[in-house]
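Chemist:
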Amino acid sequence: MAQNPIHTDEEIALKIEGAPRLPSLRSIGTALSELVYAENSFTSQIAEVIRRDPSLTSRLLKLVNSVFFGLSQRVNNIEEAIFYLGLRQIRELALATPIIEDFERLHGSAMKNAPWQNLWRHSIGSGILCREILSNAGVTFEDDTDYIVGLIHGVGKIVTASIFPTGFGRVLASGAKTEAELMEIERREIGWDHARVAGYYLERHHLGPEIVLPVRWYCDPAQAGIHAKSAAAVQVADHLVRAAGVDSFDLSGTVEAESVILLPGWSLLFEGKSEEESLEILAGMRPSLERLPGVLKGMI
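For the sequence shown, the positions run 111 to 410 when the working numbering is used.
1) Counting only the same chain and skipping the five closest in sequence on each side, list residues whose C-beta sits under 6 Å from that of residue 194.
2) DSSP on residue 356, reduced to helix/strand/coil?
3) Assuming residue 285 contacts residue 116 (C-beta within less than 8 Å), just tell me the rounded distance between them.
4) Hey, residue 341 and residue 331 are a contact pair by Cβ (cut 8 Å); roughly how many whole angstroms apart?
5) For the candidate residues 306, 268, 315, 383, whose alpha-carbon lies nearest to that of residue 325?
6) Does the Cβ-Cβ distance between residue 311 and residue 126 come in under 8 Å?
7) Compute the Euclidean distance between the alpha carbons of residue 139 and residue 349, then round it to the nearest angstrom.
8) So, residue 355 versus residue 319, is the Cβ gap smaller than 8 Å?
9) For the alpha helix (DSSP H) containing residue 152, list its first residue and its last residue.
10) Identify whether residue 175 lies in helix, strand or coil by the three-state DSSP scheme.
11) Exposed or buried, which one is residue 288 when buried takes at least 16 other CB atoms within 10 Å?
12) Reducing DSSP to helix, strand and coil, say where residue 224 ends up.
13) What separation, rounded to the nearest whole angstrom, lies between the Cα atoms of residue 382 and residue 339?
14) For the alpha helix (DSSP H) containing residue 304, name the first residue and the last one.
15) Given that a residue counts as buried once 16 or more other Cβ atoms are within 10 Å of its Cβ, and exposed if not, what is residue 235?
16) Do you know how far the Cα of residue 337 is from the Cα of residue 379?
17) Select from 308, 260, 321 the residue whose C-alpha is nearest the C-alpha of residue 268.
18) From the DSSP output, in three-state form, read off residue 263 for me.
19) If you reduce the DSSP assignment to three classes, tell me which class residue 117 lands in.
20) Does the Cβ-Cβ distance between residue 335 and residue 323 come in under 8 Å?
21) Give me the residue from 275, 241, 397, 374 with the minimum Cα distance to residue 224.
22) Tell me which residue opens and which closes the alpha helix (DSSP H) that residue 405 is part of.
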């Protein structure tokens, strides 16, 4: 059987340049994010901003009333929801909501039967864990970069489905078990893997290297230069989210949480740590991994 011809670099670049834009990536600094960062913000002020966004309001109330929180009475009041969730989770939800909605518009009618909600949950879960992993490694940010790189690391898959639906369908049908195997198949069937697609797409959005490079190189973190630890955290988060049972729908294999310490990203983040020390760090993350599926089901 003849090999399907792949696309040239020029063809792929032109297709990506013609892909729909994600307005949310240009407006990450919204009124809400400014409010929740301000020390003197009142809950009533934050609630008022949330009320202006019906989608965010819906996700907020859905999350606080999910089985995960186990409240005896239903919460219909935004101020009360803020009290239960806390400002950090509100901020993460505020960032995720417009980006996930943009993701949904981006893939449009492509692969309509694909379980995209799995990818949305996987993306948010990766953002949540990416922040925790970097904190454990002693890396902190003054903004939400540590959350955003995890949240959008799968954007290349959505762009690829949008511009090359037939090729993406073949990739999904391949039954790849690992990220490395998946990317090899993408390069064979399409020409670029999803990480390269994402890097070019995000560059076209004029995002900074602190976002672009971790997403572009999360499968090979050392290539991300001064942003290698962020890329490493995305790789580790992606693995742990899968281990928690939140897959992104394009891989058929399963992974164990303990195998994360064998990843290049783990070694980069926790250089010099013994196996015993690494397993202790992982044990400290167990509560987050156990909570994650319930939190994500409440959000999406």
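All C-beta atoms in this analysis are idealised placements derived from N, C-alpha and C, irrespective of residue type, glycine included. It should be emphasised that the depicted structure is a prediction, and the values quoted were computed from it without experimental measurement.
Modeler: In brief:
1) Answer for residue 194: 174, listed in chain order.
2) DSSP places residue 356 outside both helix and strand once states are collapsed to three, so it counts as coil.
3) About 20 Å separates the two Cβ atoms, so there is no contact after all.
4) 4 Å
5) If we check each option's Cα against that of residue 325, 306 comes out closest.
6) yes
7) Residue confidence for residue 139 is low, a pLDDT of 41 falling below 50, so the modelled location carries little weight and cannot support an answer.
8) no
9) First-last for residue 152: undefined, no H or E at that position.
10) DSSP places residue 175 outside both helix and strand once states are collapsed to three, so it counts as coil.
11) exposed
12) Coil at residue 224, not helix or strand.
13) 15 Å
14) 304–314
15) Label assigned to residue 235: buried.
16) 11 Å
17) 308
18) coil
19) coil
20) yes
21) 275
22) 385–409
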